[in-house]
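Asker:
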Amino acid sequence: MRNTDNAKYADSMPVPKQMKAWVLGDPDQLKLIDKDVPVPGRAEALVRIDAVAICATDLEVISYGTPAIFEGGAPFNKNFTPGHEYMGTIAALGEGVDEFEIGDRVTVEIHAGCGQCKRCRMGMYTSCHNYGLNYGDMNKGHRANGFTTNGGFAEYAINNINTMIKVPDDMSDAEATLVVTAGTSMYGLTELGGLVAGESVVVIGPGPIGLLAVAVAKSLGASPVVLVGTRENRNNIGLELGADVAIDARSEDVLARVKELVGPKGADYVIDCAGSETTVNQAVHMTNRGGKVCLAAFPKKPVEFDLGYLAVNNIYLYGIRGEGRSATHRAMAFMAGKRFDATKIHTHTFPMQDLPEALRYARERVDDAIKVVVSNREITASKAAAE
């Protein structure tokens, strides 16, 4: 065991001085460079990154910068490393860390709140009032790996201990990268009240969050669980994950079909994971009086919808960001307990050096890609289908 700058290392897990990391150049430009391996500080750990899942938000950061805020502005040409849905192995421990050991496999949340603002004290650290205000000062302020601090498209990253969750031995690297996605789905249902057993839940949009929202809702006892989507393959995966019925939005009258399935008054809970003007309006109008709607996707522009209908019918509208209120820990408990198989949404794996191609698969939905994972471990081909 050796100590460097008050950090603790182990001879059994040597850490190099430098690492390979992808960094943003101009918009839509990634470069693979050598970077110094960071040193963990107080309440931090150095994580050797084993696998990273690609999120649609990564694509936005790489193309537009937002929602990342790095060093006070856009993240371009600042040696910034994106990527936030990663897992790995603890390689070094910062000062005062005894909750974890070197060699522990962990998956990570994105956000570590400041712990001081009113939202963090409520457990709403993804709504931290100091979001983006640390700009590299790790001693104060909110941090979000891959958004305000360097993320996971690299060989190593620093994480606050509050963001790390131990991974069971029988859980694969790829599955562990999906815990955050399931945590976002869990957070949506938590904000809607969490007590969905026996209640009807409609999920609009069979992307990764939507598909795992189906799985989480079913695991929580919701009945029926209805999925609305436009892609047959994804709707079928939703059925495998627990949806009682999948509605093809291209060929069916969505509102009429939902009310046929859940009753003429509408659904108790609706989660919109698509984020278009059409789906926001559908969500509101398929919800019963006193019901709740969660927006788990971000519309790209202002939308018009019938606010009067929402008010007159006492319908509650919630927005969520990320995976707050420790929802990721609950998602891990469900996944570790085999309550659902999140790997059904994992479709492709690439080595880290092929990240640009992996991003293309995710962006263009090549081979109907849903969740694309990049790995720092040895794999036999540049693209290996998920088992």
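Its first residue numbered 782, the sequence shown is counted upward by one per residue in the numbering used here. We treat Cβ as the ideally placed atom computed from N, Cα and C, and that holds for glycine. Predicted, not measured: the structure shown is a model, and the values here were computed from it.
Which runs of the alpha helix (DSSP H) at least 4 residues long sit entirely within the region 1087 to 1164? Give them in chain order.
Answerer: If we require 4 residues or more, the alpha helix (DSSP H) runs fully inside the region 1087 to 1164 come out as 1088 to 1093, 1108 to 1117, 1136 to 1145.
Asker: Can THR862 and ASN941 be called in contact, C-beta distance under 9 Å?
Answerer: Against a cut-off of 9 Å, the Cβ pair of ASN941 and THR862 comes out as no contact.
Asker: Is ARG1012 near the ligand MN, going by C-beta to nearest heavy atom under 8 Å?
Answerer: Absent from the structure shown: the ligand MN. Ligands present: none.
Asker: So, VAL889 versus THR944, is the Cβ gap smaller than 9 Å?
Answerer: Contact: yes.
Asker: With C-beta atoms as the reference, is VAL983 less than 9 Å away from VAL1007?
Answerer: Yes, the Cβ-Cβ distance between VAL983 and VAL1007 is below 9 Å.
Asker: Measure from the alpha carbon of LYS1081 to the alpha carbon of each residue in THR847, ILE835, LYS812, then state which is nearest.
Answerer: Nearest option by C-alpha distance: THR847.
Asker: Just the Cα atoms here: how many angstroms apart are GLU1168 and ASP1149?
Answerer: Residue placement at GLU1168 is flagged as unreliable, the pLDDT there being 40, under the threshold of 50; a coordinate-derived value is accordingly withheld.
Asker: Grouping DSSP H, G and I as helix and E and B as strand, with all else coil, what is LEU914?
Answerer: Coil.
Asker: Taking just the CA atoms, how far does THR1068 sit from LEU1022?
Answerer: One C-alpha to the other measures close to 23 Å.
Asker: Rounding to the nearest angstrom, what Cα-Cα distance links ASP1135 and ASN1157 in this structure?
Answerer: Computed Cα separation, rounded: 10 Å.
Asker: Could you give the residue range of the alpha helix (DSSP H) that holds THR847?
Answerer: Looking at the DSSP string, THR847 is not in any alpha helix (DSSP H), and its letter there is neither H nor E.
Asker: Can you pull the DSSP bridge partners for LEU811?
Answerer: DSSP output for LEU811 lists LEU805 as bridge partner(s).
Asker: Would the region 1062 to 1076 count as touching the region 1092 to 1103 if we require 3 or more Cβ pairs under 8 Å?
Answerer: Judged by Cβ distances under 8 Å, the region 1062 to 1076 makes contact with the region 1092 to 1103, as three or more pairs qualify.
Asker: Check this for me: beta carbons of GLY1010 and GLY979, under 9 Å apart or not?
Answerer: No, the pair does not count as a contact, with Cβ atoms beyond the cut-off.
Asker: Given that a residue counts as buried once 16 or more other Cβ atoms are within 10 Å of its Cβ, and exposed if not, what is LEU1088?
Answerer: The residue in question, LEU1088, is exposed, as its Cβ has fewer than 16 Cβ neighbours within 10 Å.
Asker: Can you tell me the Cα-Cα spacing of VAL1154 and ALA955, whole angstroms?
Answerer: Approximately 7 Å between the Cα atoms of the pair.
Asker: Beta strand (DSSP E) containing GLU882: first to last residue?
Answerer: Note, GLU882: premise wrong, no beta strand (DSSP E); not H, not E.
Asker: Whose CA, out of SER908, ARG1120, TYR937, LYS1125, lies closest to the CA of LYS899?
Answerer: Here the closest residue by C-alpha is SER908.
Asker: Is VAL1093 buried or exposed, if buried means 16 or more other CB atoms sit within 10 Å of its CB?
Answerer: It is exposed - the Cβ of VAL1093 has fewer than 16 other Cβ atoms within 10 Å.
Asker: Assess contact between the region 961 to 969 and the region 843 to 859, defined as three or more Cβ pairs (one per stretch) separated by less than 8 Å. Is contact present?
Answerer: No, because fewer than three Cβ pairs between the region 961 to 969 and the region 843 to 859 fall closer than 8 Å, the two stretches do not touch.
Asker: If we require 4 or more residues per run, which alpha helix (DSSP H) segments fall completely within the region 971 to 1034?
Answerer: As far as the region 971 to 1034 is concerned, its whole alpha helix (DSSP H) runs of at least 4 residues are 989 to 1000, 1013 to 1021.
Asker: Tell me the rounded alpha-carbon separation between GLU1033 and VAL887.
Answerer: Computed Cα separation, rounded: 43 Å.
Asker: Using the rule of at least 16 other Cβ atoms within 10 Å of the residue's Cβ for burial, across every protein chain shown, is GLY1128 buried or exposed?
Answerer: The identity of residue 1128 in the sequence shown is Thr, whereas the question assumes Gly. The residue in question, THR1128, is buried, as its Cβ has 16 or more Cβ neighbours within 10 Å.
Asker: Among the residues of its own chain, which have a CB less than 7 Å from the CB of THR971, if the five just before and after it don't count?
Answerer: Once the five neighbours on either side are set aside, the close Cβ partners of THR971 are ARG1106, ALA1108.
Asker: For MET905, does the three-state DSSP call read helix, strand or coil?
Answerer: In the structure shown, MET905 sits in coil (DSSP, three-state: anything other than H, G, I, E or B).
Asker: Under a three-way DSSP split, which group does ARG900 fall into?
Answerer: Helix at ARG900.
Asker: Please classify MET1113 as buried or exposed, where buried requires at least 16 neighbouring CB atoms within 10 angstroms.
Answerer: MET1113 is buried by the Cβ-count criterion.
Asker: In the DSSP output, which residue or residues are listed as bridge partners for ALA925?
Answerer: According to DSSP, ALA925 bridges with HIS892.
Asker: Less than 8 Å between C-beta atoms, sequence neighbours within five positions excluded: which residues of the same chain meet that for ASN858?
Answerer: Correct list, in chain order: LEU805, GLY806, ASP807.
Asker: Give a yes or no on contact between the region 946 to 954 and the region 1011 to 1030, applying the rule of three or more CB pairs nearer than 8 Å.
Answerer: Not touching, per the Cβ criterion.
Asker: Considering just the uninterrupted stretch of the beta strand (DSSP E) at GLU825, what are its terminal residues?
Answerer: Start and end: 825 to 834.
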